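Basically the numbering used here = 1-based index in the sequence shown + 1404. The structure under discussion appears below in the form of structure tokens.
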Amino acid sequence: MSKMKLGIVGWRGMVGQVLMDRLMSEGDFSHFETSIFSTSQKGTHHPFTLINSNPILLDAYDLNSLKQMDIILTCQGGDYTSKVHRELRSSGFKGYWIDAASTLRMEDKSVIILDPINKHVIESALKNQQKDFIGGNCTVSLMMLALGGLFASDSIEWISSMTYQAASGAGARHMNELLKQMKFVTDDVMKEGDNLSDKILSVEKKVKTLLSDPSFPSENFGHPLAFNLLPWIDSELENGQSKEEWKASVEANKILQTKNPIAIDGTCVRISAMRCHSQALTIKLKKDIPLNEIESMISEHNPWVKLVANKKAETLQYLTPEFTSGNLQIPIGRVRKMNLGPSFINAFTVGDQLLWGAAEPLRRMLHILLEY
Ligand code: HSE
1405 MSKMKLGIVG WRGMVGQVLM DRLMSEGDFS HFETSIFSTS QKGTHHPFTL INSNPILLDA
1465 YDLNSLKQMD IILTCQGGDY TSKVHRELRS SGFKGYWIDA ASTLRMEDKS VIILDPINKH
1525 VIESALKNQQ KDFIGGNCTV SLMMLALGGL FASDSIEWIS SMTYQAASGA GARHMNELLK
1585 QMKFVTDDVM KEGDNLSDKI LSVEKKVKTL LSDPSFPSEN FGHPLAFNLL PWIDSELENG
1645 QSKEEWKASV EANKILQTKN PIAIDGTCVR ISAMRCHSQA LTIKLKKDIP LNEIESMISE
1705 HNPWVKLVAN KKAETLQYLT PEFTSGNLQI PIGRVRKMNL GPSFINAFTV GDQLLWGAAE
1765 PLRRMLHILL EY
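As structure tokens, this is what we get:
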């Protein structure tokens, strides 16, 4: 049988790089005939050594080349999706469109892909001839993987999620800016040595002054993130939520195709971690469930979730962005009954927002298509 033709767009950005690494390390290219597209360098060689691949970059805006593909997988971003997707479909493209950008997520014809949670939804969409499969918001996907067991058993009445989101969620330039901000401050206050504890209060005043210095690097974030946090992510909605906060409920319910939506709401906060998003969760269960049953449901749901004992040492070792960065595990800990009542559960979870938060659901969708 001939191999499916896979076209990849947007391999140079952060999500694209993480995705290409995963595809190569898992040997995924052996299953496809791959073409790599570029928005700016058509006709030149791409930098990868790939099995079954055309070595020359194709034009990512050429509908005829795109139309030859069975699958287009794009991490190029929302502007590209807006420019190309509709026109490509109107021109008769019947292949699968797998996309990391949010542009098409809430379209009726789109499925948000997170197969450890909604493989049944994906499979029924495939039977239904749906062709647009879109990666979810990273925070939502990571929260759902952590709580998969509670969603699967329909145990959740509502969730309040307070997030601690890494700089990577805003983009590569923002990560770079975070480093520059840290350097701007520490180079200055430590220029005569780094043992500052005796004068730490005056050093703190100096840090505050530096954060508002006209040459402080903040063109991307617009504000200091280093030595600070930013409790607003994405645009303002009229109801007082940020757009990032709005996504939690609408996307989670779309992922699960719930008949009775589960309310999810909270405050999304940017912090100075590099690439792992964390979330503090208050979960209202539909009924009182013993803690050991809750822990089993969580830990047995999928191979990536890692239940961390609610103990100080384990928590500080395993339930951090530092531990989770660069790996596919989804640690969840601080799981306990809250003093609010027997059906209120506290939890804290961390996930790599470039892996499970972005690239991995797209990569796994390729395998679902191979099996289909
Ligand atoms: N919107 C997320 C963030 C990243 O800003 O952290 C992409 O899902």
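For every residue, glycine included, the Cβ atom is placed at its ideal position computed from N, Cα and C. Computed from a predicted model, the values in this text were never measured in an experiment.
Terminal residues of the alpha helix (DSSP H) in which residue i lies
i: L1689; result: Careful: L1689 lies outside any alpha helix (DSSP H), inside the beta strand (DSSP E) at C1680 to L1689.
i: W1562; result: That residue, W1562, is in no alpha helix (DSSP H); its beta strand (DSSP E) goes I1560 to Y1568.
i: T1485; result: G1482 to S1494
i: Y1722; result: K1716 to Y1722
i: I1702; result: L1695 to E1704
i: I1772; result: E1764 to E1775
i: K1612; result: I1604 to L1615
i: F1727; result: P1725 to T1728
i: G1420; result: M1418 to S1429
i: A1574; result: Where A1574 is concerned, there is no enclosing alpha helix (DSSP H), given that its DSSP letter is neither H nor E.
Check: residue i C-beta below 7 angstroms from any heavy atom of the ligand HSE
i: N1522; result: no
i: C1542; result: yes
i: G1573; result: yes
i: I1637; result: yes
i: Q1733; result: no
i: E1648; result: yes
i: Q1534; result: no
i: Q1757; result: yes
i: Q1472; result: no
i: Q1480; result: no
i: Q1683; result: no
i: Q1645; result: no
i: Q1585; result: no
i: Q1569; result: yes
Cβ neighbour criterion (16 or more within 10 Å) applied to residue i
i: E1655; result: buried
i: R1768; result: buried
i: K1715; result: exposed
i: A1762; result: buried
i: L1758; result: buried
i: P1857; result: Since the first and last residues shown for the chain are 1405 and 1776, residue 1857 lies out of range.
i: I1604; result: exposed
i: R1509; result: buried
i: P1635; result: exposed
i: K1651; result: buried
i: A1717; result: exposed
i: K1595; result: exposed
i: M1473; result: buried
i: S1434; result: exposed
i: S1729; result: buried
i: D1756; result: buried
i: T1453; result: exposed
i: Q1585; result: buried
i: P1451; result: exposed
Residue i: first and last residue of the uninterrupted beta strand (DSSP E) it sits in
i: P1735; result: I1734 to K1741
i: L1359; result: As shown, the chain starts at 1405 and ends at 1776. That puts residue 1359 outside it, with no answer to give.
i: K1409; result: M1408 to V1413
i: D1756; result: F1748 to D1756
i: F1436; result: F1436 to S1442
i: D1503; result: Y1500 to D1503
Alpha carbon of residue i to alpha carbon of residue j, nearest angstrom
i: I1563; j: I1772; result: 30 angstroms
i: A1570; j: R1679; result: 5 angstroms
i: P1746; j: D1692; result: 6 angstroms
i: C1542; j: D1602; result: 42 angstroms
i: G1481; j: S1442; result: 13 angstroms
i: I1668; j: L1711; result: 22 angstroms
i: G1420; j: G1414; result: 6 angstroms
i: G1670; j: E1648; result: 10 angstroms
i: G1575; j: I1637; result: 13 angstroms
i: L1774; j: E1430; result: 14 angstroms
i: V1422; j: S1606; result: 42 angstroms
i: I1698; j: F1620; result: 47 angstroms
i: H1748; j: A1529; result: Residue identity check: residue 1748 is Phe in the sequence provided, not His. Taking the straight line from one Cα to the other gives about 34 angstroms.
i: K1690; j: L1633; result: 34 angstroms
i: G1499; j: D1617; result: 52 angstroms
i: W1708; j: S1700; result: 14 angstroms
i: A1556; j: I1502; result: 25 angstroms
i: P1665; j: N1657; result: 6 angstroms
i: M1579; j: M1405; result: 44 angstroms
i: Y1722; j: P1735; result: 7 angstroms
i: L1583; j: I1675; result: 13 angstroms
i: M1566; j: L1477; result: 31 angstroms
For this session: May I have a chain-ordered list of the beta strand (DSSP E) segments no shorter than 3 residues that lie completely inside the segment 1506-1552?
Result: 1514-1517 and 1536-1539
Exercise. Where in the segment 1642-1678 do unbroken runs of the alpha helix (DSSP H), each at least 4 residues long, occur, reported from the N-terminal end onward?
Worked result: 1647-1660
For this session: Please specify which runs of the beta strand (DSSP E), each continuous and at least 3 residues long, are wholly inside the segment 1448-1483, giving them in chain order.
Result: Within the segment 1448-1483, the complete beta strand (DSSP E) runs of at least 3 residues are 1475-1478.
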